[in-house]
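Comments concern the structure below.
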Amino acid sequence: MFLLLLPYSKPPIVKLDAKSLGTLTQCQKLSLSTNAIEKMVPLTGMSKLKILSLGRNNIKKIEKLDDVAESLEQLWLSYNQITSLDGLASLTKLTTLYCSNNLIKAFSELDKLKSNELLKDVLFLGNPMYDEVGGDKEKAKIETLKRLPQLSGSFVTPADREAALQA
């Protein structure tokens, strides 16, 4: 397994170079967290990439993931400036999405994840959408489960799932 970790770069990385990244053909985990990256670039040639960590950057839009659509399993995007969950529908193997502390304003954005049928582990805490439920964690869980019924894990009980389906 090839792993490339480039967090905490000094000076921080501001712009990704698609050509350079494309040479990492055997890379399975790419960590570029805690930089100043503003835009995602195509990951052409990285068809073995399973985990992409871009947390703690300045990314505003999820995009250009088509080249890893059939391999990417985990996407870590917490602490960015993301306002929409567009750009994820093509990720057929996505099981994990960490997108906390961004700028997602409505639970309806989660509807865009319905085509990600393998998605089981998500994190959205710290987004403005929680204002919709007044910060009530149980209501937030129900709103999430209504939109993503395939979620599993220790935080989802059968009662939670039933409550979400009846809400």
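If you want our numbering, it's the position in the sequence shown, counting the first as 1, plus 1125.
Quick reminder that beta carbons are idealized off the backbone N, C-alpha and C, glycines included.
Just so it is clear, the structure is predicted and the values come from calculations on it, not from any experiment.
- Under a 10 Å Cβ-count criterion, Ala-1161 is classified as exposed, with fewer than 16 other Cβ atoms of the shown protein chains found around its own Cβ.
- With a beta-carbon spacing of about 5 Å, Tyr-1204 and Asn-1226 fall inside the 8 Å limit used to define contacts.
- Asn-1241 places its beta carbon 9 Å or farther from that of Leu-1202.
- In this structure, Phe-1232 and Glu-1257 form a Cβ contact; the two beta carbons are roughly 6 Å apart against a cut-off of 8 Å.
- For Leu-1210, same chain residues with a beta-carbon under 8 Å away, outside a window of 5 residues either side, are Ile-1187, Cys-1224, Ile-1229, Glu-1234, Leu-1235, Lys-1237 and Leu-1238 in chain order.
- Relative to the Cα of Ser-1158, the nearest Cα in the group Gly-1147, Gly-1170, Thr-1148 and Leu-1141 belongs to Leu-1141.
- Taking the CA atoms as reference points, Thr-1220 sits about 32 Å from Lys-1135.
- Residue environment analysis places Leu-1243 among the exposed positions, since fewer than 16 neighbouring C-beta atoms fall within 10 angstroms of its C-beta.
- Distance from the CA of Gly-1147 to the CA of Val-1193, rounded to the nearest whole angstrom, comes to 11 Å.
- The beta carbon of Leu-1179 sits closer than 6 Å to the beta carbons of Leu-1157 and Leu-1202 from its chain, once the five residues preceding and following it are set aside; these are given in chain order.
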